[in-house]
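Accompanying notes for the structure given below.
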Amino acid sequence: MMSAQETADKLNNSLPIHLTASNVQQNPEFVKLLMSLTRHLTDSGMSVAVHKDMLQAEDALREQKLKYLQIWTLYSELKDLLIEYDVKKQDVHPSSATLQLYEALKVSLAQAEALDYIDFHPEGGEQSATLLGLKAEQLLAGEHQRKSLHQSFQQSIIPELETRLRSKCETLASFHKPTKQAENEQLSFAKATQLPAFLENEKQLLDQEKKQLHHNHMLRDKQFTQLYEVLMQSLQILQKLMADHQLQSQAKHDRVMAEWLAAKCDAMCLKVRVLQNQMIRDTYTPEAIQALKRIKASLKDAEEESTAEFHRLTQTLLAYESVGLGFDSLVQQYTTLMAEIDNKKWALSELRQNQGSELDDLWNQH
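Counting along the sequence shown from 1, when you hit position 357 you're at 453 in the working numbering, and nothing is skipped either side.
Dropping the structure here:
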């Protein structure tokens, strides 16, 4: 039975995912689903049937592309050959056979191009519609007249094309793998013929290096995840140790601080008592004490006199209260009489002042 780490590695290599051993242990049912998916999916996430169809389509496309490139290469070389012929014809007048040969080659290329474009079927149009109403039989009408030139094509044009293509292949081979020393023609051509195999081999090596790079990338991610998990665990342990140590140190620190504060409070209380005693000493000097004693005796005598006066007034008030309810009316009458007496005294004094002023006036007149 595979371990959790082996299962995670297998799934990571089979599917475009990234799992860890802890993920496998925590989600067993999900892992079973992923294992079943590996039988139906490729490492890129594509289904097996679609991947098979895609490979077949790629092979067919590769064959068609190769065929197209071969035809296009031959066509390009023929076009270049005709262009060079037109340039040389302006400097050197060719023979009639050569002129006839190249003119026939131009016509053949034009017919080949026209045959590719003659079938024209726009959307919704008739299937029998052709370009400019032409048909292939009309374009190939004079083909039997040029059959006599086919041997001339094989004797002059085809060797020229082979030479040109061979030169370009050798140029590509030397560009792919330059050499300092000149090589003979056979060795250079042999390298040129082996160039596709070399390129295919290098492409396979590049694909292998890409896969290895992808594997190394996944391995690095895996190591990073493992390192991250270990660091997180270490961090949690460190936090726990710091918390425990901090709590122990904090309790000890609080205890020492409380003892120090208690001692400081005691010292402050003692200082306050000392200052209180100093203030009492500075305030109550012997002279102040003697003065305070005399003030105390005077206040005591005044208190005794006030107490005696209060006692006398209390007795008098009790005597007045013993008279009965008529005491208030007597007090009212007494108050009224005293007010009348005061008014009469004031009137007599005013009368005396007026009489005195009149006597003074008479005396002054005499």
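Don't be surprised by glycine CBs; every beta carbon is placed ideally from N, CA and C.
- Going by beta carbons, residue 114 and residue 123 fall outside the 8 angstroms limit.
- Beta bridge pairing from DSSP links residue 192 with no other residue.
- Boundaries of the alpha helix (DSSP H) around residue 259: 254-272.
- Annotated three-state conformation of residue 143 is strand, per DSSP.
- Residue 393 and residue 387 have their alpha carbons spaced roughly 10 angstroms apart.
- For residue 286, same chain residues with a beta-carbon under 7 angstroms away, outside a window of 5 residues either side, do not exist.
- Going by beta carbons, residue 112 and residue 139 fall inside the 8 angstroms limit.
- Fully enclosed alpha helix (DSSP H) runs of no fewer than 4 residues occupy 382-419, 423-461 of the region 378-462, in order along the chain.
- Counting other Cβ atoms within 10 Å of its Cβ, residue 130 reaches 16 or more and is therefore classed as buried.
- Residues 112 of the same chain have their beta carbon placed closer than 6 angstroms to that of residue 141, with the five preceding and five following residues left out of the count.
- In the structure shown, residue 115 adopts coil according to DSSP, grouped into three states.
- Residue 201 is positioned such that its CB atom lies closer than 8 angstroms to that of residue 178.
- The residues 106, in chain order, have a CB closer than 8 angstroms to that of residue 98 in the same chain once the five nearest residues on each side in sequence are set aside.
- Going by C-alpha positions, residue 357 is about 25 angstroms away from residue 374.
- With respect to the 8 angstroms criterion, residue 272 and residue 291 are classified as neighbours on the basis of their beta carbons.
- Rounded to the nearest whole angstrom, the C-alpha separation of residue 371 and residue 383 is 22 angstroms.
- The Cβ-Cβ distance between residue 197 and residue 252 falls below 8 angstroms.
- Between residue 173 and residue 261, the C-beta gap is smaller than 8 angstroms, which places the two residues in contact.
- Within the DSSP secondary-structure output, residue 137 pairs in a beta bridge with 143.
- Nearest neighbour of residue 289 by Cα position, chosen from 366, 258, 362, turns out to be 258.
- With a beta-carbon spacing of about 16 angstroms, residue 136 and residue 127 fall beyond the 8 angstroms limit used to define contacts.
- Of the other Cβ atoms in all chains shown, 16 or more fall within 10 Å of the Cβ of residue 103; this residue is therefore buried.
- If you draw a straight line from the Cα of residue 298 to the Cα of residue 188, it comes to about 47 angstroms.
- Shown here, residue 231 sits in coil according to DSSP, grouped into three states, outside any helix or strand.
- A straight line joining the alpha-carbon of residue 157 with that of residue 303 spans about 20 angstroms.
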